[in-house]
Structures are given as structure tokens and as C-alpha cells.
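One structure below.
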Amino acid sequence: ALGLVQDPKDKTKWRSNTGLDIGISSDHRKFFDNAAKKGGGGAVDLAMHCMDTDYKGALSWLANTFGSNATS
1 ALGLVQDPKD
11 KTKWRSNTGL
21 DIGISSDHRK
31 FFDNAAKKGG
41 GGAVDLAMHC
51 MDTDYKGALS
61 WLANTFGSNA
71 TS
């Protein structure tokens, strides 16, 4: 939903046409953007990073995209 495409050779890596190069940890709790040299934990942090938005914007997007239960 964030416009990332999974690397066919490495299922833990996702890329975008805007330069994001995201690695997701094996437990799906953390991410690291190799291009920006920044990381975080959880869906809210990932949405904030990929969308260049604040906490409120990320929560709103997650709720609208995946339902209000996605943010609780």
C-alpha cells in the first residue's frame, strides 16, 4: 500500500521508484532504509518514514487504508 515493491531475490527488502530501499527484520517489527540510513519500529514509524508525514498523518493513513483496528 506504500508503493514499495518486494525484491524478488531477497524477501526482506522492499524498494520504491522514489529511492526508498527498505529492509524489514525477520520478526517484522523493525525496518531500515538503506538509502536514507534511517530506521524505526512498527507500522506507524514505517508509514511516517515512507510518506514523510507526522504521527497523526501516519495513523490517519493506516486507519483509512487498513481500518481503525490497524491503529489500536
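With the working numbering applied, the sequence shown covers 1 to 72. Cβ coordinates follow ideal geometry from the N, Cα and C atoms, glycine included.
Check whether valine 44 and leucine 59 have beta carbons under 8 Å apart:
Numbered from its first residue, the sequence shown carries residue 44 at position 44. Numbered from its first residue, the sequence shown carries residue 59 at position 59. Yes; because the gap between Cβ atoms is below 8 Å, this pair is in contact.
Name the two residues that bound the continuous alpha helix (DSSP H) containing glycine 57.
Stepping through the sequence shown from its first residue, residue 57 is reached at position 57. Bounds of the alpha helix (DSSP H) holding glycine 57 are 55-66.
So for glycine 23, helix, strand or coil by DSSP?
Working through the sequence shown from its first residue, we reach residue 23 at position 23. Strand.
Quick one: residues in its chain with C-beta nearer than 8 Å to the C-beta of leucine 4, no 5 flanking neighbours on either side, listed in chain order?
Position 4 of the sequence shown holds residue 4. Apart from the 5 residues on each side of it in sequence, leucine 4 sits with its Cβ closer than 8 Å to the Cβ of Trp14, Arg15, Ser16, Leu20, Ile22, Cys50 in its chain, given in chain order.
In this structure, does DSSP put glycine 3 in helix, strand or coil?
Locating residue 3 in the sequence shown gives position 3, where the first residue counts as 1. Residue state, collapsed to three classes: coil.
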